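Residue 82 in the UniProt record's numbering sits at position 82 of the sequence shown, and the numbers go up by one each step. Below is one structure, written out as structure tokens; comments come after it.
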Amino acid sequence: QEGDGPTTVTGNLSGLKPGLHGFHIHALGDTTNGCLSTGPHFNPNGKDHGAPEDETRHAGDLGNINVGDDGTVSFTITDYQIPLTGPNSIIGRAVVVHAGPDDLGKGGHELSKTTGNAGGRIACGIGLQ
Numbered sequence: 001q002e003g004d005g006p007t008t009v010t011g012n013l014s015g016l017k018p019g020l021h022g023f024h025i026h027a028l029g030d031t032t033n034g035c036l037s038t039g040p041h042f043n044p045n046g047k048d049h050g051a052p053e054d055e056t057r058h059a060g061d062l063g064n065i066n067v068g069d070d071g072t073v074s075f076t077i078t079d080y081q082i083p084l085t086g087p088n089s090i091i092g093r094a095v096v097v098h099a100g101p102d103d104l105g106k107g108g109h110e111l112s113k114t115t116g117n118a119g120g121r122i123a124c125g126i127g128l129q
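Written out as structure tokens, the structure reads:
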């Protein structure tokens, strides 16, 4: 991140099932009980779940990553709601990959407005420290 500009997140992951997987910043940088310890999606403004391009969304809603047939994915995500400084900084928070696709808050499922109905947490780590 430069100045007040967007933050760019890049990564390479392997060992995942092919297809779309929800990808989010979670509130806590705690993995003592695996991915369950990471808390809910990072949501400092108390909004409903949504797509990265939506006005109404959790700050941590980064959409989906698309894993190839070989189980790997390389991605670059640029976003204005995940600063590296200030009270809403993502430094020390967890990055979580979910088992299924994120419906971006538009699926009509009871979990669409809270988790994107993306399923269980299959991988996580502390993104930045």
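No residue lacks a Cβ here, since even glycine has one placed at the ideal position from N, Cα and C. From a predicted model like this one, the values you see are computed outputs, not experimental measurements.
{"Check": "Buried versus exposed, by CB contacts within 10 Å (16 or more), residue 38", "Outcome": "buried"}
{"Check": "Under the three-state DSSP convention, the category residue 37 falls into", "Outcome": "helix"}
{"Check": "Contact set for residue 72: own chain, Cβ-Cβ below 6 Å, skip 5 residues either direction", "Outcome": "14"}
{"Check": "Three-way DSSP call (helix, strand, coil) for residue 49 in this model", "Outcome": "coil"}
{"Check": "Cβ-based burial, residue 115 [other Cβ within 10 Å; buried from 16]", "Outcome": "buried"}
{"Check": "DSSP state of residue 24 mapped onto helix, strand, coil", "Outcome": "strand"}
{"Check": "Reduced DSSP category for residue 43 - H, G, I as helix; E, B as strand; rest coil", "Outcome": "coil"}
{"Check": "Residue 5 - DSSP class collapsed to helix/strand/coil", "Outcome": "coil"}
{"Check": "Spatial neighbours of residue 50 in its chain, beta-carbon cut-off 7 Å, leaving aside the 5 residues before and after", "Outcome": "56, 57, 61, 104, 105"}
{"Check": "Cβ-based burial, residue 41 [other Cβ within 10 Å; buried from 16]", "Outcome": "buried"}
{"Check": "Closest by C-alpha distance to residue 96, when choosing among 74, 86, 127", "Outcome": "127"}
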